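Only one structure is covered here, and it is reproduced in the block below.
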Amino acid sequence: MARAILNEIENLDLELIHFKNRKLNEKDQEYFNYLLSKIERLSKEFLKNCSKKQRYDLEDILKRYFFEYGIETYFKLFSINNIAS
Numbered sequence: 047m048a049r050a051i052l053n054e055i056e057n058l059d060l061e062l063i064h065f066k067n068r069k070l071n072e073k074d075q076e077y078f079n080y081l082l083s084k085i086e087r088l089s090k091e092f093l094k095n096c097s098k099k100q101r102y103d104l105e106d107i108l109k110r111y112f113f114e115y116g117i118e119t120y121f122k123l124f125s126i127n128n129i130a131s
């Protein structure tokens with residue numbers, strides 16, 4: 047189940063690419079915010095049921111989302127203090 051959630055988080059990249067380098071209208075902004083909340087919700091659910099290796103895979107995905115799209119979910123879920131845990 048954890049792998050399926052990770053795949054779903056990865057597949058959101060295909061939807062996020064449409065919003066890159068664009069000025070969003072109200073409808074697009076609402077959908078973008080929905081995607082952000084979906085990423086955060088799925089990530090929290092994933093962290094409850096994952097192994098260490100899968101946790102690092104999620105970190106890599108969220109770091110990529112931060113650098114490509116400016117999505118700061120990585121910093122909400124992982125801090126300097128809890129990376130080693």
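The working numbering runs 46 ahead of the 1-based position in the sequence shown. In this text, a Cβ means the ideal position worked out from N, Cα and C, and glycines have one as well. All figures in this text were calculated on a predicted structure; none of them were measured in a lab.
Exposed or buried, what is residue i when buried is set at 16 or more other beta-carbons lying within 10 Å of its beta-carbon?
i    : result
L108 : buried
I55  : buried
I51  : buried
F92  : buried
Y111 : buried
I117 : buried
Going by alpha carbons, who is nearest to residue i out of the options?
i    : options                 : result
L123 : F113, Y115, L88 and S97 : L88
R49  : D59, L62 and S97        : S97
N133 : K84, K90 and N71        : The question about residue 133 has no answer here: the residues shown for the chain are numbered 47 through 131.
Which whole-angstrom value describes the C-beta separation of residue i and residue j, a residue pair presumed to lie in contact below a C-beta threshold of 8 angstroms?
i    : j    : result
Y120 : E105 : 7 angstroms
E145 : L82  : The shown model of the chain, from 47 to 131, leaves out residue 145, and the question about it has no answer.
Residue i by DSSP, collapsed to three states: which one?
i    : result
E105 : helix
F124 : coil
E118 : coil
- Task: Kindly provide the ranges of any alpha helix (DSSP H) runs that are 4 or more residues long and lie completely inside the segment 51-92, ordered along the chain.
- Result: none
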